[in-house]
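Peer 1: I have a structure here, written as structure tokens, and I will follow up with some questions on it.
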Amino acid sequence: MTTHAPAPTAELDEDALMAFVFRAVDEVGASLNCALVVMGDRLGYYRALADRGPLTAAELAQATSTGERYAAEWLNAQAAGAFVTYDPATGRYTLPPEHVVALTDPESPAYLPGFFQIAFGTISDAAQIFDRAREGDGLGWGDHNHDVHEGCERFFRPSYAANLLPSWLPALTGVVPKLEHGARVHDLGCGHGASTVLMAEAFPASTFVGSDAHGASVDVARERAAEAGVADRVTFETATSTSVTGSGYDLVTVFDALHDMGDPVGCARRVHDLLADDGTWMIVEPAAGDRVEDNFNPVGRAYYGFSTLLCTPASLSQDVGLAIGTQAGPARIRDIVTAAGFTQFRIAAQTPFNNVLEVRK
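In this note's numbering, the protein residues as written are 181 to 541.
As structure tokens, this is what we get:
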């Protein structure tokens with residue numbers, strides 16, 4: 181019988197090992213802080229600190245009608261993570277002015293609670309993904325909890341409000357004049373309708389259709405349009421990306437949704453049919469480079485996490501299940517739209533979180 185000597189064991193760098201251990205401790209703290217930020221948002225801790233200035237734990241508890249022991253531990257966790265500062269001389273905690281904007285101002289493009297909320301909701305459903313990953317099965321968007329759906333709207337809306345009208349639409353060839361004079365627009369994969377309503381408010385001469393496969397999101401979108409006073413020129417319908425009907429649209433938009441679709445090529449073919457000959461398809465996708473290593477950065481890391489636990493399962497739950505992922509990159513999107521018959525493609529605008537792509541026949 182032949183025996184093999186065990187492979188030599190590489191000598192461990194103890195300093196490197198402990199550095200990784202302490203980095204892992206920081207990762208656990210960051211993971212728990214995801215829930216703590218949602219807690220601070222939901223219980224009004226951040227709002228009270230913003231409105232009332234430096235507070236002790238007792239003062240924060242009183243201001244928010246919550247338990248003092250919870251407020252004290254929450255504050256210490258926030259101070260340890262540098263979300264708030266602590267003054268040992270007074271025992272008070274301060275939310276810095278920049279953090280006030282990021283954590284309490286929903287009109288700022290830097291507003292973060294929605295980002296944490298969608299991450300919190302995604303993690304809450306993660307056990308279901310573990311089971312499905314063994315067989316390569318998917319989990320539909322509608323099967324996720326409320327924090328995923330509401331957090332998605334709260335995360336994306338500030339960026340759309342900051343960029344869509346002043347920079348993204350003007351970056352498209354000849355689109356804004358059409359919208360000003362009266363265009364037909366289809367917002368495909370509209371979710372809660374944030375993007376649809378923003379455009380309708382800005383361009384009263386145009387008419388808009390929003391569609392989404394998730395019926396509950398469509399119901400919310402109708403409510404949002406009514407609240408904004410644009411329901412007379414905005415229609416919402418429940419439909420998949422390959423079953424929407426119509427033609428002659430001047431503009432079709434897909435905001436942060438193409439990568440979630442089971443059949444993005446089929447969607448692209450449907451959009452080709454929806455558009456007028458001189459129409460434009462605007463695709464807004466997560467910021468990504470074409471090579472995997474281009475995305476090894478904080479933004480790419482977050483998006484790969486969402487891709488694993490949320491977006492890839494959503495695609496796999498649908499017909500075809502191509503699952504291109506959140507970090508597909510412009511070249512992959514170009515391949516998809518070219519396969520559907522489009523001939524013009526370019527990156528029209530970019531932000532740290534999004535690529536804005538212009539596609540034409």
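Virtual Cβ for every residue (Gly too), placed ideally from N, Cα, C.
In or out: ILE513 buried (at least 16 other Cβ within 10 Å) or exposed?
Peer 2: When all chains shown are included, ILE513 counts as buried.
Peer 1: Out of curiosity, what's the CA-to-CA distance linking ASN509 and ARG471?
Peer 2: The displayed chain sequence assigns Gly, not Asn, to residue 509. Roughly 8 Å between the two C-alpha positions.
Peer 1: Could you please give the first and the last residue of the uninterrupted beta strand (DSSP E) stretch that includes CYS391?
Peer 2: The sequence shown places Ser at residue 391, rather than the Cys named in the question. Where SER391 is concerned, the enclosing beta strand (DSSP E) stretches over 387 to 392.
Peer 1: Can you name, in chain order, every residue of its own chain whose Cβ lies under 7 Å from the Cβ of GLY261, other than the five neighbours on each side?
Peer 2: Same-chain partners within the cutoff: GLY209 and ASN213.
Peer 1: Might you give, ordered along the chain, the residues of its own chain that have their beta carbon closer than 7 Å to the beta carbon of PHE295, omitting 5 neighbours on each side?
Peer 2: Excluding positions up to five away in sequence, the list reads PHE335.
Peer 1: Please go through the same chain and pick out, in chain order, the residues whose beta-carbon is closer than 6 Å to the beta-carbon of GLY301, but skip the five residues on each side of it.
Peer 2: Around GLY301: ASN325, ASP327, VAL328 and GLY331.
Peer 1: Beta-carbon separation of GLY371 and SER339 under 9 Å?
Peer 2: No, they are not a contact pair.
Peer 1: How would you call ASP458, buried or exposed, if buried means at least 16 neighbouring beta carbons within 10 angstroms?
Peer 2: Counting Cβ neighbours within 10 Å, ASP458 comes out exposed, since fewer than 16 surround it.
Peer 1: How would you write the range of the alpha helix (DSSP H) that VAL217 sits in, first residue to last?
Peer 2: It spans 194 to 223 - the alpha helix (DSSP H) in which VAL217 sits, taken as one unbroken run.
Peer 1: With 16 other CB atoms within 10 Å as the buried threshold, where does ARG450 fall?
Peer 2: So ARG450 ends up on the buried side.
Peer 1: Do GLU473 and THR506 count as a contact pair if the criterion is CB distance below 9 Å?
Peer 2: The answer is no: Cβ separation not under 9 Å.
Peer 1: Any chance the CB of SER427 is under 8 Å from a heavy atom of the ligand FAD?
Peer 2: This structure simply doesn't include the ligand FAD, nor any ligand for that matter.
Peer 1: Is the beta carbon of MET379 closer than 9 Å to that of ASP392?
Peer 2: Cβ atoms of ASP392 and MET379: not closer than 9 Å.
Peer 1: What residues in its chain sit with their C-beta under 7 Å from that of GLY469, if we drop five residues either side in the sequence?
Peer 2: So the qualifying residues of the chain are ASN475 and GLY509.
Peer 1: In the DSSP assignment, find the alpha helix (DSSP H) that holds GLY480 and state where it starts and stops.
Peer 2: Where GLY480 is concerned, the enclosing alpha helix (DSSP H) stretches over 478 to 486.
Peer 1: Is there contact here, the segment 488 to 498 with the segment 313 to 321, by at least three beta-carbon pairs under 8 Å?
Peer 2: Yes, the segment 488 to 498 is in contact with the segment 313 to 321.
Peer 1: To the nearest angstrom, report how far apart PHE435 and TRP348 are at their CA atoms.
Peer 2: Looking at the two C-alpha atoms, the distance is approximately 12 Å.
Peer 1: Beta strand (DSSP E) containing ILE527: first to last residue?
Peer 2: Segment 524 to 530, the beta strand (DSSP E) holding ILE527.
Peer 1: Cβ of TYR266 within 9 Å of Cβ of ALA259?
Peer 2: Yes, they are a contact pair.
Peer 1: With a 10 Å radius around its C-beta and 16 neighbouring C-beta atoms as the bar for buried, classify PHE202 as buried or exposed.
Peer 2: It is exposed - the Cβ of PHE202 has fewer than 16 other Cβ atoms within 10 Å.
Peer 1: How big is the Cα-Cα spacing for CYS447 and LEU438?
Peer 2: Cα to Cα, the separation comes out at about 8 Å.
Peer 1: Locate the beta strand (DSSP E) running through ALA456, then write down its first and last residues.
Peer 2: That run of the beta strand (DSSP E) goes 455 to 466.
Peer 1: Please report the distance separating the alpha-carbon of THR284 from that of PRO293.
Peer 2: Their Cα atoms are separated by approximately 8 Å.
Peer 1: Exposed or buried, what is GLN524 when buried is set at 16 or more other beta-carbons lying within 10 Å of its beta-carbon?
Peer 2: Exposed, by the Cβ-count rule.
Peer 1: Using only alpha-carbon positions, find the residue among PRO289, GLU253, GLU538 and ILE298 that is nearest to ILE527.
Peer 2: ILE527 has its Cα closest to that of GLU538, out of PRO289, GLU253, GLU538 and ILE298.
Peer 1: Identify, in the order they occur along the chain, each residue of the same chain with its Cβ nearer than 6 Å to the Cβ of GLY442, setting aside the five sequence neighbours on each side.
Peer 2: Taken in chain order, the residues that qualify are SER495, GLN498, ASP499, VAL500 and GLY501.
Peer 1: So, using beta-carbon positions, are GLY369 and SER421 closer together than 9 Å?
Peer 2: Going by C-beta atoms, GLY369 is nearer than 9 Å to SER421.
Peer 1: Report yes or no: do the segment 404 to 416 and the segment 348 to 361 share at least 3 C-beta pairs separated by less than 8 Å?
Peer 2: Segments in contact, no.
Peer 1: Roughly how many angstroms lie between the CA atoms of ALA252 and ALA196, to the nearest whole one?
Peer 2: Roughly 35 Å between the two C-alpha positions.
Peer 1: LEU240 to MET462, Cα distance in whole Å?
Peer 2: LEU240 and MET462: Cα-Cα distance of roughly 46 Å.
Peer 1: Thinking C-beta only, is TYR225 closer than 9 Å to TRP254?
Peer 2: Against a cut-off of 9 Å, the Cβ pair of TYR225 and TRP254 comes out as a contact.
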